[in-house]
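K.L.:
My questions all concern the structure below.
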Amino acid sequence: MLQKLFKFKGGIKPAYNKQQSVTEPIAQAPLPTRLVIPLHQSIGGTPRPVVAVGDHVLKGQLIGEADGWISAAVHASTSGTVVAVGPRIVPHPSGLPIDCVVIAPDGEDRWIDHQPLDYKSMEPEAVREYLQQSGVVGLGGAVFPSHAKLTPSQTVPMAELVINGAECEPWITCDDLLMRERADEIVAGIGLFRDLLQPQKVLIGIEDNKPEAIAAMTAAVKAAGETHEVIAVPTLYPAGGAKQLIRVLTGKEVPAAKRSTDLGVQCFNVATAWAAWRAVAHGEPVISRIVTLTGNTERPRNWEVRIGTPIDELLKLAGPRADTDGVIMGGPMMGFLIPAPDVPVIKATNCLIAHSPSLFPPKPPEMPCIRCGECARACPHELQPFELYWWSRAKNFGKAQEYNLFDCIECGCCSYVCPAHIPLVQYFRFAKSEIWAREKDRKMAEGAKERFEFKQFRDEREKAEKAEKLARAAAAQAARKAAEAAAAASGEGGAAPAAPPADDPEAARKATIAAALERARAQRAAVQPKNTETVSPEQAREIAAIDALRIQAGLQAEPEAPAMAALEPHARKDA
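Residue numbers (the working numbering): 173 to 747.
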């Protein structure tokens, strides 16, 4: 029974230019003079370097450890000495440097000890971890860590496993040659994916302009005794997009807010299946990939290339012509000009096109949009690119998001058909980057605000804790003094009142007030003048002696108060 095929809206049929690079088999690229291996080569966290300058490494040795679940390890592509660990320019439209490990090959190309993995006797989670440590990522261009995609949904059973062999973009033929020459290993890798995901059926989609690949994959499936279906799909760009191929083969449309696993579908590239099988069956991490060298060259061909090989060294194998003025990584629809000729090959490098003005003439000047709607008719995601263009150009990014800007896969169909020669994809990339930058700034500002508010909260909490601690200490001291005062009062005959409990704030407050009043009374008593009318016994005897002398001398006056008589001799002396 033939598999029913479905259609997706839009799409274009550009000149494919694939015949130039399929006339010869895949060749092994020679060892370069230096390898520059970026640590960040996949979606997710940046691997942490585990080697230092001066270390000697072997082929396949771990040099970058995965950082988190959505990350993949990085390995040395040959044996040699680490001569640098630091930022280098890599193939990216931004041209910004990232951390790389630079290796000077020793020419021996010696492997680490590696052996096959009996994955069928292992738990699925252990197999996924092994693939992560082997650096297996999507080699179709998305470079998403494969072990994460091999985790089935907990709620939706896996219905279809889709294997992408469409390779729809012009000039690229690496997957075509891989399927022609290594179909048996691809089918074995598909079996690995099938065992981990347990789908109801496996669908292998290949564009019908690759009859040799279709025949090779069909024969390999039959030889392996598998029930996979090899299906020829109509040649229409971008049928190789994951969502488009899923639509063509299953009829399911993946909404923007969902993943394909939410619909019971998962999609992998044929090169990813091959790399996963090499990791399991031979213990080889991802240290090389197939790269198409084509464009303005004398000898276009597909090469197996070590990760980290400088592109300028590699391109010499294809014999670039004299008028070559740049190199496009990827296809002409979604690729970009590399920022420097010596940037390295990475896991996402599937094709290198030598650029020249004769092969890719400059576009005519951009003209005003006439709102003809051709871009909307060609868009495979049923967007309205002319509206996105207006709002992106006006920097009204909120409005652009209302028109589902982030549903755009940047396939370039709209730019290809635009009669006004507007580089629509560049406007959309600009708008996305601005939104991402503003979102990053907003998150940083929110983080700074949260940190500031937390600091204020912490300061207030520390002040409150300090004040509470001082209050408890003061209450305890007041209670202690009140108890001592009560004990002293009871010693003079009074009953000592019970000391207030230390954990009773109100009683402690009252005790503090009482103690303060008692201290005030004691201070007033200390400064109060003594009672001068009180005569001591010694003073009384002295006064009596003075009176006796007065009587003898006949000077006795009328009796006076003892106090005044005691003062009289002093008064006479003063007189």
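Every residue, glycine too, gets a C-beta built ideally from N, C-alpha and C.
Note that the coordinates shown come from a computational prediction; the quantities given were computed from them, not determined experimentally.
(1) Mapping DSSP to helix, strand and coil, what is D271?
(2) If we ignore side chains and look at the alpha-carbon of each, how far apart do V515 and G397 end up?
(3) What do you get for M501, buried or exposed, if any count of 16 or more other CB atoms within 10 angstroms of its CB means buried?
(4) Assign K519 to buried or exposed, taking buried as 16 or more other Cβ atoms, counted over all protein chains shown, within 10 Å of its Cβ.
(5) Can you look up M351 in the DSSP assignment and give me helix, strand or coil?
(6) Quick one: using the 10 Å Cβ neighbour count with 16 as the cut-off for buried, is N441 buried or exposed?
(7) Under a three-way DSSP split, which group does W475 fall into?
(8) Apart from the five residues on each side of it in sequence, which residues of its chain come closer than 7 Å, Cβ to Cβ, to A603?
(9) Could you check whether E379 and V130 sit closer than 7 Å to each other, using their CB atoms as the reference points?
(10) From the DSSP output, in three-state form, read off W449 for me.
(11) Skipping 5 residues on each side, what residues in its chain have a beta carbon closer than 7 Å to that of V299?
(12) In whole angstroms, give me the CA-to-CA distance for D347 and A445.
(13) Do the stretch 340-357 and the stretch 418-434 make contact, defined as three or more Cβ pairs closer than 8 Å?
(14) Between L118 and L465, how many whole angstroms is the CB-CB distance? I'm expecting something under 8 Å.
(15) What residues are listed by DSSP as bridge partners for S788?
(16) Could you compute how far the alpha carbon of P533 sits from the alpha carbon of E559?
(17) On the DSSP bridge assignment, give the partners of I403 in chain order.
(18) Whose CA, out of S662, E574, F600, lies closest to the CA of C586?
(19) Figure out for me which residue from D579, A331, D285, S293 has the closest Cα to the Cα of G232.
(20) To the nearest whole angstrom, what separates the beta carbons of M505 and C439, a pair I think is in contact under 8 Å?
(21) How should M389 be labelled, buried or exposed, when 16 other C-beta atoms within 10 angstroms of its C-beta is the threshold for buried?
(22) With DSSP as the reference, please indicate the residues paired to C523 in a beta bridge.
(23) Rounded to a whole number of angstroms, what is the C-alpha to C-alpha distance between A443 and T253?
(24) Please name the residue in T469, V463, P472 whose C-alpha comes closest to that of G480.
(25) Just to confirm my understanding: we take P288, look at its own chain, exclude 5 residues before and 5 after, and list those with CB closer than 8 Å. What are they?
(26) Counting pairs of beta carbons, one from the stretch 248-268 and one from the stretch 207-225, are three or more of them closer than 8 Å?
(27) Where does I581 fall in DSSP's three states?
(28) Taking 7 Å as the cut-off, decide whether the C-beta atoms of C340 and A411 are in contact.
(29) Go ahead and label E554 buried or exposed: buried means 16 or more other beta carbons lie within 10 angstroms of its beta carbon, across all protein chains shown.
(30) Measuring only the C-alpha atoms, how far is F365 from P595?
(31) So, for P731: in the same chain, excluding its five sequence neighbours on each side, which residues have a beta-carbon less than 7 Å away from its beta-carbon?
(32) Consult DSSP for E632 and reduce its assignment to one of helix, strand or coil.
(33) For the alpha helix (DSSP H) containing F569, list its first residue and its last residue.
(34) For my contact list, A657 and E690 are in at a C-beta cut-off of 8 Å; report their separation, rounded to the angstrom.
(35) So which of G307, T195, A256 has the shortest CA-CA distance to T218?
(36) Which ranges does the beta strand (DSSP E) cover as unbroken runs of at least 3 residues, wholly within the stretch 304-368, from first to last along the chain?
P.N.:
To lay it out plainly:
(1) Strand.
(2) 43 Å
(3) buried
(4) buried
(5) helix
(6) buried
(7) strand
(8) S564, F569, A572, L577
(9) Look at the range of the chain in this structure, 173 to 747, and you will see that residue 130 is not part of it.
(10) W449 falls in the helix class under three-state DSSP.
(11) Y291, L368
(12) 11 Å
(13) no
(14) For the chain, the structure presents residues 173 to 747; residue 118 sits outside this window and is missing.
(15) Since the first and last residues shown for the chain are 173 and 747, residue 788 lies out of range.
(16) 28 Å
(17) G377
(18) F600
(19) D285
(20) Not quite, the Cβ-Cβ distance comes to about 19 Å (not below 8 Å), so this is no contact.
(21) buried
(22) T464
(23) 30 Å
(24) V463
(25) Result list for P288: V452, A453, H454, G455, in chain order.
(26) The stretch 248-268 is in contact with the stretch 207-225.
(27) Correct three-state label for I581: coil.
(28) C340 places its beta carbon less than 7 Å from that of A411.
(29) Exposed is the label assigned to E554, since fewer than 16 other Cβ atoms lie within 10 Å of its Cβ.
(30) 39 Å
(31) With a pLDDT of only 44 at P731, under 50, the local geometry of the prediction cannot be trusted, and the value read off the model is given with reservation. Within the same chain, P731 has no close Cβ partners at all.
(32) helix
(33) 569-574
(34) About 6 Å separates the two Cβ atoms, so the contact holds.
(35) When each option's Cα is compared against that of T218, the closest is G307.
(36) If we require 3 residues or more, the beta strand (DSSP E) runs fully inside the stretch 304-368 come out as 332-336.
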